[in-house]
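For reference, the structure is listed below as structure tokens.
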Amino acid sequence: MPLVSIPYFGLREFVHYLVGGDLTEDGIQWSSEVSTVDADTDTEAFKLTLDNTQIGTIHRLTLGLTCALKAASATADVKYKWQARNKGASAWVDLLGFQTTAGIGTSYVEYTVSGYFIATVTNLDTYPIEIRLVVQSNESAGDGGACTAKVKNGSFVSVELE
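Take the sequence shown: its position 114, counting from 1, is numbered 198 in this note's numbering, and each next residue is one higher.
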């Protein structure tokens, strides 16, 4: 993925763009679509290791994360959350708890979360890191209510290392 490095004030900062690929006519690139199968079960819709061969203590993460969600049924309730962790750690850290949309419908709806995260928590304090999007639907694929998710090309994680 594209990477931008910006050194300042003794910190090392770089930006990871999460989605790339071939150019498109409308300028919007998406990750692969992933659908849920079982109701009320976490499904990993997107996962990426952010690693540019640097190692360090995280000072801050600045996030701009956009996903698009839809259901196969107009009545399905869908929820999503973003998580991150130190590369190889066993436990994920919620960057934002589950966000729920009742009756999401069958057309994609985009959701963006942004802000910064001071990384002083266990399992998210050293670089490199992993980031993922987790989704759920209250209806199973067999019931016609699976959730489908994808991540937009404008999504990024800016990392500041001490």
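Backbone N, C-alpha and C fix where the C-beta goes; we use that ideal spot for every residue, glycine too. Computed from a predicted structure; not experimentally measured.
Residues of the same chain with a CB within less than 6 Å of the CB of alanine 152, apart from the 5 flanking positions on each side, are Tyr192, Glu194 and Lys234 in chain order.
If you ignore the 5 residues before and after tryptophan 114, its C-beta comes within less than 8 Å of the C-beta of Val103, Ala152, Lys234, Val235, Lys236 and Asn237, all in its own chain and listed in chain order. In the same chain as leucine 95, and ignoring 5 residues on each side of it, the C-beta atoms closer than 8 Å to its own belong to His143, Glu244, Leu245 and Glu246, in chain order. Rounded to whole angstroms, valine 205 and isoleucine 213 show a C-alpha spacing of 13 Å. With a minimum length of 3 residues, the unbroken runs of beta strand (DSSP E) contained wholly in the stretch 136-171 fall at 140-155 and 162-170. Following the DSSP letters along the chain, one finds lysine 131 inside the beta strand (DSSP E) bounded by residues 127-134. Inclusion of valine 219 and valine 177 in the CB contact set at 9 Å is not warranted, their separation being larger than that value.
In this structure, serine 119 sits near threonine 232, with a CB-CB distance shorter than 9 Å. By DSSP's assignment, leucine 245 forms a beta bridge with Arg96 and Ile142. In this structure, DSSP gives glycine 226 a helical state, which the three-state scheme calls helix.
Here DSSP, grouped into helix, strand and coil, assigns threonine 190 to coil. Judged by DSSP secondary structure, alanine 233 falls within the beta strand (DSSP E) whose first and last residues are 231-235.
CA-CA distance, threonine 196 to tryptophan 166, rounds to 11 Å.
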